[in-house]
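Asker: In my numbering, the protein residues as written are 314 to 826.
Where a beta carbon is used, it is the ideal one built from N, C-alpha and C, also for glycine.
(1) When the Cα of residue 709 is compared with those of 675, 347, 319, 698, which residue comes out closest?
(2) Which one or two residues does DSSP pair with residue 367 in a beta bridge?
(3) For residue 771 and residue 745, I'd like the C-alpha separation in whole angstroms.
(4) Distance, Cα to Cα, residue 626 vs residue 540?
(5) In the DSSP assignment, what are the bridge partners of residue 497?
(6) Who pairs with residue 347 in a beta bridge, going by DSSP?
(7) Starting from residue 449, follow the alpha helix (DSSP H) in both directions and report where the run begins and ends.
(8) Please go through the same chain and pick out, in chain order, the residues whose beta-carbon is closer than 6 angstroms to the beta-carbon of residue 519, but skip the five residues on each side of it.
(9) Can you find the residues in the same chain that come closer than 7 angstroms, C-beta to C-beta, to residue 749, ignoring five residues on each side of it along the sequence?
(10) Our contact map puts residue 322 next to residue 363 with C-beta atoms below 8 angstroms; I'd like the distance itself, whole angstroms only.
(11) With which residues is residue 531 paired in a DSSP beta bridge?
(12) Decide if residue 502 is buried, meaning its Cβ has at least 16 other Cβ atoms within 10 Å, or exposed.
(13) Could you tell me whether the segment 346–361 touches the segment 413–430, where touching means 3 or more Cβ pairs closer than 8 angstroms?
(14) From which residue to which residue does the beta strand (DSSP E) around residue 417 run?
(15) Nearest-angstrom Cα distance between residue 476 and residue 549?
(16) With a threshold of 7 angstroms on Cβ separation, who are the neighbours of residue 743 within its own chain once the five nearest residues in sequence on each side are excluded?
(17) So what's residue 341 in DSSP terms, helix, strand or just coil?
(18) Could you say if the segment 558–573 and the segment 584–593 meet the contact criterion of at least three C-beta pairs nearer than 8 angstroms?
(19) Can you look up residue 410 in the DSSP assignment and give me helix, strand or coil?
(20) Contact defined as beta carbons within less than 8 angstroms: I believe residue 340 pairs with residue 314. What is the distance between those atoms, to the nearest angstrom?
(21) For residue 469, count the other beta carbons within 10 Å of its own beta carbon; 16 or more makes it buried, fewer makes it exposed. Which is it?
(22) Compare the Cα-Cα distances from residue 529 to each of 381, 560, 439 and report the closest residue.
(23) In terms of residue numbering, what span does the alpha helix (DSSP H) encompassing residue 721 cover?
(24) How many angstroms separate the CA atom of residue 498 from the CA atom of residue 466?
(25) Three Cβ pairs or more, each shorter than 8 angstroms: is that satisfied between the segment 642–661 and the segment 715–732?
(26) Among 578, 423, 351, which has the Cα closest to the Cα of residue 371?
(27) How should residue 817 be labelled, buried or exposed, when 16 other C-beta atoms within 10 angstroms of its C-beta is the threshold for buried?
(28) Give me the Cβ distance between residue 387 and residue 368, rounded to the nearest whole Å; I'm assuming they're in contact under 8 angstroms.
(29) Look up residue 614 in the DSSP assignment and say whether it is helix, strand or coil.
(30) What does the Cβ neighbour count give for residue 826, buried or exposed, with the cut at 16 atoms within 10 Å?
(31) Runs of 4 residues minimum, wholly inside the segment 764–804: which ones carry the alpha helix (DSSP H) assignment?
(32) Counting only the same chain and skipping the five closest in sequence on each side, list residues whose C-beta sits under 8 angstroms from that of residue 554.
(33) Taking the C-alpha atoms as reference points, what is the distance between residue 699 and residue 692?
(34) In whole angstroms, what is the alpha-carbon distance linking residue 614 and residue 664?
(35) So for residue 689, helix, strand or coil by DSSP?
(36) Any idea what DSSP makes of residue 334, helix, strand or coil?
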């Protein structure tokens with residue numbers, strides 16, 4: 314119902330307008346009145362009317378001054394000015410302020426009601442247009458996020474030419490043009506595993522960080538549960554380094570404000586060509602994978618990784634082995650939280666931590682390989698898988714295999730374990746997606762049906778549900794919902810006598826166009 318507020322210093326005129334028009338009967342709510350602008354303004358701020366009818370000449374604060382204040386605080390409120398003065402200057406000033414109607418006194422109730430109804434119709438049209446635009450914006454945001462994720466994948470894999478990358482970036486409003494690039498991978502440790510924060514809290518924090526650092530020189534890509542990837546752009550390597558430092562400082566400021574201490578960042582290698590971004594990403598991912606071996610939250614530069622590995626020039630000494638580097642919990646942590654793309658980086662970091670000299674000892678080599686093997690077998694058995702799915706180490710590798718052979722073996726059995734884990738998750742997600750589809754089938758005619766609503770129903774965060782739904786169905790939630798509604802529309806057009814405007818409402822669209 315449209316709310317109307319009246320400001321008029323002449324009591325008789327005010328009472329006449331208030332009582333001689335059947336506001337409720339004509340679909341309006343008369344939400345308040347005042348005798349001057351000074352009294353009216355705080356009341357209007359509280360009532361938030363859709364239409365304010367005000368006289369121009371009033372004591373304490375006139376109608377034009379009041380209109381300026383209203384438009385500055387409540388820009389969507391429409392104003393009708395009543396004036397007994399015929400001077401054109403008043404009308405010009407009213408138009409400049411944004412007053413919708415300027416009516417000369419005396420005005421009768423019927424004339425005023427006609428103007429109010431006309432204005433109410435415009436307000437309703439604006440509301441509908443705003444609702445449609447906001448819904449379209451939400452739909453486009455999900456589609457844009459999906460396109461951005463695909464763009465990032467093309468960027469870091471090298472599967473697209475420079476021209477194709479520029480074209481794909483332009484479609485989502487991203488400018489990739491630069492002389493120097495670097496990538497920083499960032500994640501919150503507490504979102505997975507032993508959860509210190511909820512997924513919604515983590516996503517909100519990542520969104521706050523993205524908002525705090527985003528600029529023309531910084532592009533943020535969502536990596537779902539892995540966190541975010543930050544692409545830095547600059548004209549010189551020195552400027553890139555400065556941008557990197559300021560970006561990390563901003564991230565740390567957000568984390569400090571949120572009192573969040575569980576995070577990790579991996580910094581890549583500066584490159585001067587877009588075609589070299591995959592190398593930059595590999596270095597960043599390598600540094601980011603070191604989080605499984607790090608006890609403290611920090612940003613790790615790929616160049617500093619060598620400082621924490623065992624020196625290759627030292628002879629093997631069992632007493633020099635750092636037991637923290639071969640801690641089985643590191644492997645378990647990776648199996649729980651790691652991504653398939655990280656297996657190579659993790660295995661490399663794991664073996665560098667042990668040191669290649671250690672493999673000169675057959676006993677130690679056997680211990681390392683068998684410990685990893687049994688750790689992985691124990692992990693997959695929790696998902697109901699059989700240990701026969703994991704390749705057993707062969708005798709040649711146990712007796713004298715090279716570091717490279719051991720690493721390839723560890724990578725292979727880690728990948729097997731992650732496939733078992735992801736298959737189990739996929740089964741669980743499939744049930745969630747089926748629940749979403751069932752909910753859409755029952756509620757598709759509700760125009761307010763949204764990803765946020767369904768996410769609450771299935772107890773997922775909207776972002777996580779969007780990702781899972783796209784992975785399981787091959788299309789975004791919005792695209793699936795739109796296609797479902799259009800298919801229902803086709804069915805109703807073919808099989809019923811309803812008009813298209815009626816069918817529009819029946820499938821969840823207020824606007825038949």
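Answerer: Judging by the given coordinates:
(1) For the purposes of this step, residue 709 is taken as residue 396 along the chain shown, with counting starting at 1. When only C-alpha atoms are compared, the closest one is 675.
(2) Stepping through the chain shown from its first residue, residue 367 is reached at position 54. 320, 394.
(3) Here the question's residue 771 lines up with position 458 in the chain shown. Here the question's residue 745 lines up with position 432 in the chain shown. Straight-line Cα distance between these residues: approximately 7 angstroms.
(4) Numbered from its first residue, the chain shown carries residue 626 at position 313. Numbered from its first residue, the chain shown carries residue 540 at position 227. Residue placement at residue 626 is poorly supported in this model, since its pLDDT is 47, which falls under 50; the coordinates are not used for a value here.
(5) Within the chain shown, numbered from 1, the residue matching residue 497 stands at position 184. Answer is 543, 580, bridged to residue 497.
(6) For the purposes of this step, residue 347 is taken as residue 34 along the chain shown, with counting starting at 1. For residue 347, which the question treats as bridged, DSSP gives the partners 320.
(7) Counting from 1 along the chain shown, the entry for residue 449 is found at position 136. Element bounds for residue 449: 422–470.
(8) Here the question's residue 519 lines up with position 206 in the chain shown. Excluding positions up to five away in sequence, the list reads 541.
(9) Here residue 749 corresponds to residue number 436 of the chain shown, with the count starting at 1. Result list for residue 749: 767, 771, 782, in chain order.
(10) By one-based count along the chain shown, residue 322 stands at place 9. By one-based count along the chain shown, residue 363 stands at place 50. That pair is no contact at about 23 angstroms.
(11) For this step, residue 531 is matched to residue 218 along the chain shown. Beta-bridge pairing links residue 531 to 528, 545.
(12) Counted from its first residue, the chain shown places residue 502 at position 189. With 16 or more other Cβ atoms within 10 Å, it is buried.
(13) no
(14) Counting from one through the chain shown, the residue named residue 417 turns up at place 104. Per DSSP, residue 417 belongs to the beta strand (DSSP E) from 414–417.
(15) For this step, residue 476 is matched to residue 163 along the chain shown. For this step, residue 549 is matched to residue 236 along the chain shown. Taking the straight line joining both Cα atoms gives about 22 angstroms.
(16) Taking the first residue of the chain shown as position 1, residue 743 is located at position 430. In its chain, beyond the 5 residues on either side, 785 have a beta carbon closer than 7 angstroms to the beta carbon of residue 743.
(17) What you label residue 341 is simply residue 28 of the chain shown in a count that begins at 1. Residue state, collapsed to three classes: strand.
(18) no
(19) To locate residue 410, count along the chain shown from 1; it is residue 97. In the structure shown, residue 410 falls within a helical segment according to DSSP collapsed to helix, strand and coil.
(20) Sequence index remark: in the chain shown, residue 340 carries index 27 (1-based). Sequence index remark: in the chain shown, residue 314 carries index 1 (1-based). 6 angstroms between Cβ atoms; contact.
(21) Numbered from its first residue, the chain shown carries residue 469 at position 156. Residue 469 comes out buried.
(22) Position 216 of the chain shown holds residue 529. Considering only alpha carbons, the answer is 560.
(23) Numbered from 1 along the chain shown, position 408 holds the residue referred to as residue 721. Counting along the chain, the alpha helix (DSSP H) containing residue 721 begins and ends at 716–756.
(24) Start at 1 with the first residue of the chain shown, and residue 498 comes out as number 185. Start at 1 with the first residue of the chain shown, and residue 466 comes out as number 153. Answer to the nearest angstrom: the Cα atoms are 14 angstroms apart.
(25) The answer is yes - the segment 715–732 touches the segment 642–661, with three or more Cβ pairs under 8 angstroms.
(26) Reading the chain shown from its first residue, position 58 is the one you call residue 371. It is 351.
(27) What you label residue 817 is simply residue 504 of the chain shown in a count that begins at 1. Result: buried.
(28) Working through the chain shown from its first residue, we reach residue 387 at position 74. Working through the chain shown from its first residue, we reach residue 368 at position 55. That pair is no contact at about 19 angstroms.
(29) Start at 1 with the first residue of the chain shown, and residue 614 comes out as number 301. Strand, per DSSP.
(30) Working through the chain shown from its first residue, we reach residue 826 at position 513. Looking at its Cβ environment, which holds fewer than 16 other Cβ atoms inside 10 Å, residue 826 is exposed.
(31) 764–771, 775–786
(32) Along the chain shown, read from residue 1 onward, the residue named residue 554 stands at position 241. So the list reads 583, once near-sequence residues are dropped.
(33) Translated into the one-based positions of the chain shown, residue 699 becomes position 386. Translated into the one-based positions of the chain shown, residue 692 becomes position 379. If you draw a straight line from the Cα of residue 699 to the Cα of residue 692, it comes to about 10 angstroms.
(34) Reading the chain shown from its first residue, position 301 is the one you call residue 614. Reading the chain shown from its first residue, position 351 is the one you call residue 664. If you take the alpha carbons of residue 614 and residue 664, they lie about 19 angstroms apart.
(35) One-based indexing of the chain shown puts residue 689 at position 376. Here residue 689 sits in helix by DSSP.
(36) Looking up residue 334 in the chain shown gives position 21. Residue state, collapsed to three classes: coil.
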